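**Student:** UniProt numbering numbers the first residue of the sequence shown as 1 and each following residue consecutively.
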Amino acid sequence: MATPAPKPRIRLDKKEAKKGDLVEVKALVAHIMESGQRKDKDGNVIPRKIINKFTCEVNGKPVFAADLEPAVSANPYLQFKFRAEESGKVVLTWIDDDGSKIVGEETITVT
1 MATPAPKPRI
11 RLDKKEAKKG
21 DLVEVKALVA
31 HIMESGQRKD
41 KDGNVIPRKI
51 INKFTCEVNG
61 KPVFAADLEP
71 AVSANPYLQF
81 KFRAEESGKV
91 VLTWIDDDGS
101 KIVGEETITV
111 T
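Right under this line is the structure:
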């Protein structure tokens with residue numbers, strides 16, 4: 001049985017915003033971010049397993065994206081802002097080397 005994906009912690013500084021307001025997002029996800037450069041106790045290389053892409057969309061429209069590299073620490077924390085234009089789902093997606101995804105969402109109301 002596959003291990004369930006960890007649930008990311010997401011915080012919007014405004015769940016209700018006026019159109020045009022900047023909304024700050026803080027997001028933390030549990031992930032080992034193994035660089036592929038370390039060895040285990042037997043001297044075998046530990047395979048690389050990192051989150052290499054992060055996206056944030058509001059109602060399916062991209063508002064922020066980042067490419068992550070092996071130097072990013074375990075349990076990556078991201079903080080960024082986007083301009084509130086419409087109410088709806090704020091969907092954050094972390095994509096791993098193997099194509100697996102960790103997805104979290106919040107809802108924002110824009111007046």
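In this text, a Cβ means the ideal position worked out from N, Cα and C, and glycines have one as well.
The structure presented is a predicted model; accordingly, all values stated were derived computationally and were not measured.
(1) Which residue spans inside the stretch 23-94 form an unbroken alpha helix (DSSP H) run of at least 4?
(2) Starting from the C-beta of Asp67, find all residues in its chain whose C-beta is less than 7 angstroms away, skip the five residues before and the five after it, and write them out in chain order.
(3) Three or more C-beta pairs under 8 angstroms: does that hold for the stretch 90-110 against the stretch 5-16?
(4) Do three or more CB pairs link the stretch 22-32 to the stretch 65-85 at distances below 8 angstroms?
(5) Assuming Gly104 is part of the beta strand (DSSP E), what are its boundary residues?
(6) Thinking C-beta only, is Gly88 closer than 7 angstroms to Val58?
(7) Lys81 to Gly43, Cα distance in whole Å?
(8) Is it buried or exposed, Ala17, if we count other Cβ atoms within 10 angstroms and call 16 or more buried?
(9) May I have the straight-line CA-CA distance separating Ile108 from Val90, to the nearest angstrom?
(10) Please report how far the alpha carbon of Lys49 lies from the alpha carbon of Asp96, in whole angstroms.
(11) Does DSSP put Asp21 in a helix, a strand or coil?
**Tutor:** Judging by the given coordinates:
(1) none
(2) In the sequence shown, the residue the question calls residue 67 occupies position 67. Once the five neighbours on either side are set aside, the close Cβ partners of Asp67 are Asn52 and Lys53.
(3) Segments in contact, yes.
(4) Yes: the two stretches touch, three or more of their Cβ pairs being nearer than 8 angstroms.
(5) Residue mapping note: residue 104 aligns to position 104 of the sequence shown, counting from 1. Its beta strand (DSSP E) spans residues Lys101 to Val110.
(6) Sequence index remark: in the sequence shown, residue 58 carries index 58 (1-based). Sequence index remark: in the sequence shown, residue 88 carries index 88 (1-based). Their beta carbons are under 7 angstroms apart, which means Val58 touches Gly88 by this criterion.
(7) Start at 1 with the first residue of the sequence shown, and residue 81 comes out as number 81. Start at 1 with the first residue of the sequence shown, and residue 43 comes out as number 43. So the alpha carbons of these two residues sit roughly 43 angstroms apart.
(8) Walking along the sequence shown from the start, residue 17 turns up at place 17. So Ala17 ends up on the buried side.
(9) As a first step, residue 108 is located in the sequence shown; it is residue number 108 there, counting from the start. As a first step, residue 90 is located in the sequence shown; it is residue number 90 there, counting from the start. Roughly 7 angstroms separates the two Cα atoms.
(10) Position 49 of the sequence shown, counted from the first residue, corresponds to residue 49. Position 96 of the sequence shown, counted from the first residue, corresponds to residue 96. Rounded to the nearest angstrom, the two C-alpha atoms are 7 angstroms apart.
(11) Here the question's residue 21 lines up with position 21 in the sequence shown. Three-state DSSP puts Asp21 in coil, outside helix and strand.
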